[in-house]
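Everything below concerns the one structure shown next.
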């Protein structure tokens, strides 16, 4: 599983992120508002500090006279803390909302794609979209976006205040203000480059590491684990040197920002000092007081702080854009298509195929007008060589795909309209207990019924051996289920349900002789319960006991 | 906490780098403290001097030394920040490599049978995430609290010059702040952090279940019901995440409030000191601003430490993997016997189910044996028993008269080449993929085996020949071509006993038949066990055992 570059262009990813953000606009505004309040409270706190110092040193105020201001400072501290909490909580809720939305869209798109199309990609890949990529959006919505808004106007307030205090000092700050967009671009480009380089090489390294671990058996087989470890180390070193070369340049951009911020503070400090001493005889500096001077000095770092914070969160943006590359392509699920009309009113107690056609791109026309009719109580076998369309026919009956031509009705309805039982070649077991697995299709099944079904399939011993009984997890602790046992468990599930149609794909292919006999016997039992059982197989034993055999190889 | 020790030990091997990195961090913080403190002192001093001058008393005030100091600290701060970021990024990359190599080294001594017991290979996914969770150990959890502590000590020490009592109080407050921003979130967030880690896992399983079982679920009209179950996992994840985020937000705001409160307390004590003439006005401002500048040292701590539970969980899971470690056994080198394979009364079962019973056969040098049977009947298990990857419960396997060494052996199983059913082609060059089997092989030998498996043309056509990259982002090889490359690797290995598990898996019948001829020629003097389906292309006229 490599880090793959996908085709979704950067512009589209940005648009996608923006649209996602729409859903939590209110919370984001709240976060930005609260963040700005934090900024204002900080300004107030610094102003109070400057005032107290001036009152003490210049105006010779006594301690009791300072108390109200000190009390006010405490109040501002509390206010600031509350606003800060509000900012973070709101931003986090915005991000949670966005992640919820993305998961919802993913689930909807899975449902829309259906079992055949989702299987084009590995389940692990899909799951990684659902978990890892979605989680990667967090920082962007929880930190970067609110900070972006704060960066836009908290410095503005500070600038206005400084202008009011002393316009030359204001000008000094303003001189760097037009530079701020330049800074932002610089930081942005630098950070983008850092992230691209950094993420790319980290991704490559992680890929190699995984690759080697996945092939551990092979390496052990050839006695090459030590050599592989050395090579991994070498690669890491090579990548590191390469990355550091880029980082040396890329970090410069944020160093420039830091430099300007530091120089601006130093310049202001010296300007104010000279002004207070009266060395500067022009402009507003004549009117500088210790209060205004001190306050300007205190505000100067706050002027740059939001931008520096933004720069720190820049990698959140890069991570979100990376995730967007995978997620922006999610097909937004459309409404489930309308019912297909059936020309003739079909009989409602059987399954009918009339002049069925289906062409697959890599295999051509499969059935060439297949006609068949099955009734409840029958055990039907679809046989034929590999590639003759056995599994496809099952998925047509299940309604996972539609035929190109012809009519297919299941008990008088379009395929998929009625619930039915489906058993794939590799039986599906739920991550959970035996009970979870058995009650999947029939939630109301009682313990006694479940145990009965298990004993019919020769599985009850495994459950009884475990102290937790039906609640013990499947395939954990005591060892995995073999293919045959898994198949039998899946069948027990079908038995417990009363689903009238049972479709099975190669039910006996991976079974040991004992399991195979049990399974074949059970299929007969299911049919005798007046269900319609259809199995795709080339197992002669199964073909032998079938009531009806559709040979797809023969019809071609 | 103990779970982290092995990983801290791995990191601690780079003691020098860690100390320098932390010193650079400290330098950045202290430069900021000094810059703000000195500026405050300077402005207040100039303000007061101006006041004196206004009364008409002429005084001399040296503006140049403090001015130079301010510029110097501004520059130091910028430079040390730049160096710190650069240096620590380098360190992080090195640590990441160290952690991975350490883990790889440990895993390579484990029998992979034990690993694959974890559900459907998903442990791999988790593994990378757990390692990633650990790579921040130094930069986020180890160095910052130390830097915060030292800078607190420095500031409190400076305050103590003028206000010893206030300094003591400040130090207590700062240590309290350190506890509040590290221990408290780590402790109170541990449960949520761990639950976040666990619920993420659950969500992943449910997601995978949903996808793998989609046909069953959709057919039975249970898709929505299961989606609801998945959604419950999502909601429980989000509820844990929200709790953790609220806690972090709370501690973040408490941290900054407490620091501001400390400044106010210092202000009150400083006012008293000033009125008692213990310190001058400019010094008072310097001390206040220096304390205020400590924000930088504390700001990032709560967030980092609220993730502690997750980090710990990652470390524990990785440790669990390592506990699977089998003790290494040192075996003396013996003169190899004639390669004879003996299986006596061999039985095997899987998940309580008998695969085969009382299997016995014997192979002389150069003998061939075909073992057939449908999948799931234990062909691969038999191969694992012979190679020593599975341990024999009943019966004996003897190679050159002695049982197979416990898996894994540092240099691979002696005298056995084994083409497993699933083979791995690494993201690497063709040559390196082949050389795994025989590091000293010449290019000519590599071309020869490629020729045998009919891949030579394909490789020749690509520009870089044997150095062509295969796997991720390289020459796209089809499943069949990958299989043939894996087969070539086995041919190159040149071992006396060869196990081939469905060697022609994924190949079409005509190619398989041509390769069969090559193999029969190649394997004339080798002892060979061939595992396959009855329907596969099989060597003819050879002793067969059916499972």
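Chains as they are written, first to last, in our numbering: chain A, 21 to 576; chain B, -14 to 532. By construction, the Cβ of each residue, glycine as well, lies at the ideal position given by its N, Cα and C atoms.
- In the DSSP assignment, residue 364 of chain B forms no beta bridge with any residue.
- Counting every other CB atom within 10 Å of its CB across the protein chains shown gives residue -10 of chain B a total below 16, marking it as exposed.
- Taking the Cα positions, residue 386 of chain A is about 23 Å away from residue 522 of chain A.
- By the Cβ test, the segment 163 to 178 of chain B is in contact with the segment 227 to 245 of chain B, since at least three Cβ pairs between them sit closer than 8 Å.
- Residue 395 of chain B has a beta carbon lying within less than 8 Å of a beta carbon in chain A.
- Neighbourhood of residue 521 of chain B in chain A, by CB distance below 7 Å: empty, with the nearest CB roughly 13 Å away.
- Residue 425 of chain A has A:377 as its beta-bridge partners, per DSSP.
- Not one beta carbon of chain A lies nearer than 8 Å to the beta carbon of residue 6 of chain B.
- Of the other Cβ atoms in all chains shown, fewer than 16 fall within 10 Å of the Cβ of residue 330 of chain B; this residue is therefore exposed.
- In this structure residue 453 of chain B is not in contact with residue 481 of chain B, their Cβ atoms being roughly 31 Å apart against a cut-off of 8 Å.
- Along the segment 258 to 278 of chain A, the positions whose C-beta sits under 7 Å from a C-beta of chain B are 260, 263, 264, 267, 268, 271, 275, 278, read in chain order.
- Fewer than three Cβ pairs drawn from the segment 97 to 105 of chain A and the segment 204 to 216 of chain B lie within less than 8 Å of each other, which leaves the two stretches out of contact.
- Its Cα nearest to that of residue 518 of chain A, the residue A:464 stands out among A:479, A:487, A:464, A:153.
- Look at the segment 262 to 274 of chain B: the residues with a C-beta under 8 Å from a C-beta of chain A are 266, 269, 270, 273, 274.
- For residue 513 of chain B, the enclosing beta strand (DSSP E) starts and ends at 512 to 517.
- A buried status is given to residue 69 of chain B, since no fewer than 16 other beta-carbon atoms sit within 10 Å of its beta-carbon.
- Per DSSP, reduced to three states, the secondary structure at residue 262 of chain B is coil, with no helix or strand assignment.
- Residue pairing of residue 507 of chain A in beta bridges, as defined by DSSP: absent, with no partner found.
- Exposed is the label assigned to residue 210 of chain B, since fewer than 16 other Cβ atoms lie within 10 Å of its Cβ.
- Exposure of residue 202 of chain A is indicated by the presence of fewer than 16 other C-beta atoms within 10 angstroms of its C-beta.
- In the assembly as shown, residue 73 of chain B is a buried residue. Its beta-carbon has 16 or more other beta-carbons within 10 Å.
- The beta-carbon of residue 143 of chain A is placed less than 8 Å from the nearest beta-carbon of chain B.
- Contacts between residue 483 of chain B and chain A, judged by CB atoms closer than 8 Å, are missing: the closest CB pair is about 12 Å apart.
- Counted as a single uninterrupted DSSP element, the beta strand (DSSP E) harbouring residue 379 of chain B occupies residues 379 to 384.
- Note: residue 357 of chain B is bridge-paired with B:517, B:531 in the DSSP secondary-structure output.
- DSSP, reduced to helix, strand and coil, places residue 525 of chain A within a strand of the structure shown.
- Here the C-alpha atom of residue 323 of chain A lies approximately 58 Å from the C-alpha atom of residue 416 of chain B.
- Put simply, of A:233, A:286, A:557 the residue whose alpha carbon is nearest the alpha carbon of residue 411 of chain B is A:233.
- Apart from sequence neighbours up to five positions away, the residues of its chain that approach residue 272 of chain B with a beta-carbon distance below 6 Å are 144, ordered along the chain.
- Straight across, the Cα-Cα distance linking residue 29 of chain A with residue 484 of chain A is about 56 Å.
- With contacts defined as CB atoms closer than 8 Å, residue 357 of chain B and residue 519 of chain B qualify as a contacting pair.
- Between residue 524 of chain B and residue 403 of chain B a beta carbon distance of about 18 Å is seen, past the 8 Å cut, so the two are scored as non-contacting.
- Listed along chain B are 86, 89, 90, 93, each with a C-beta nearer than 8 Å to that of residue 249 of chain A.
- Shown here is that no member of the segment 287 to 311 of chain B has a Cβ falling below 7 Å from a Cβ of chain A.
- Partner residues in the beta bridge of residue 414 of chain B, as assigned by DSSP, are B:454.
- Within chain B, the residues whose beta carbon sits less than 8 Å from that of residue 138 of chain A are 196, 199, listed in sequence order.
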